[in-house]
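This report concerns only the one structure given below.
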Amino acid sequence: MKKLYFSLMIIFLLGACSYQESTKEVSEEIVLSTSIFSSSKNNAVIDEKEMKESIKTYLNTNEDLSNISDQFEEMMDSDQQLTKAEAKKLEQLNNLVKENDRNFSTYISHNTLPEGYKKESERISRFITGSNQILDELD
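For the record, in the sequence shown the residue sitting at position 79 is 78 according to numbering that gives the first Met the number 0, with numbers rising by one throughout.
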């Protein structure tokens, strides 16, 4: 009988600890990345190396912002109410996503890109911007 009681206590404690850890993960502070794609170049000739880095930066920034957005989604999916500060961060996040898309679009349209990069860069920009707009509308 003592073994049964002891076993049930252990299971109960492990279950309680597990619940507490999962709740803690969701409520951790969300830190916004302030780094987005930007370039001051206008009417410049962009070489292939710089263009590859620009595309990489744009896509990596979009992924980072998307990961932060996922954290907000997890909070809302767990029926946790956003505080005013968290709601403001979510709004800032949405603005950063839009600004990141706008900056890249401006960069590729106002500069001379290497041969073969114009069409694909525009395709990447349209795809990511469109995806972000759809996600924004769904939220």
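In this text, a Cβ means the ideal position worked out from N, Cα and C, and glycines have one as well.
Collapsed DSSP secondary structure at residue i in the structure displayed
i	result
Val44	strand
Lys118	helix
Thr139	Past the edges of the chain, shown from 0 to 138, lies residue 139, and the structure says nothing about it.
Ser130	helix
Ile54	helix
Glu28	coil
Thr82	coil
Phe36	coil
Ser65	helix
Ser104	helix
Ser77	coil
Distance, residue j Cα to residue i Cα
i	j	result
Lys177	Ser120	For residue 177 there is no data in the structure shown, the boundaries of the chain being 0 and 138.
Lys83	Glu90	11 Å
Arg101	Gln79	32 Å
His109	Val44	10 Å
Asn42	Ile107	10 Å
Asp46	Gln132	30 Å
Glu73	Ser37	29 Å
Glu62	Thr56	10 Å
Thr60	Glu114	25 Å
Arg125	Met75	28 Å
Phe103	Asn66	19 Å
Gln70	Ser130	18 Å
Thr33	Glu85	16 Å
Thr105	Glu52	16 Å
Within 8 Å, strictly: CB atoms of residue i and residue j
i	j	result
Leu31	Lys88	yes
Ile54	Ile123	yes
Leu95	Ile29	no
Leu112	Met50	yes
Whole-angstrom C-beta distance between residue j and residue i, which should lie under 8 Å
i	j	result
Leu64	Asn99	7 Å
Ser68	Leu92	6 Å
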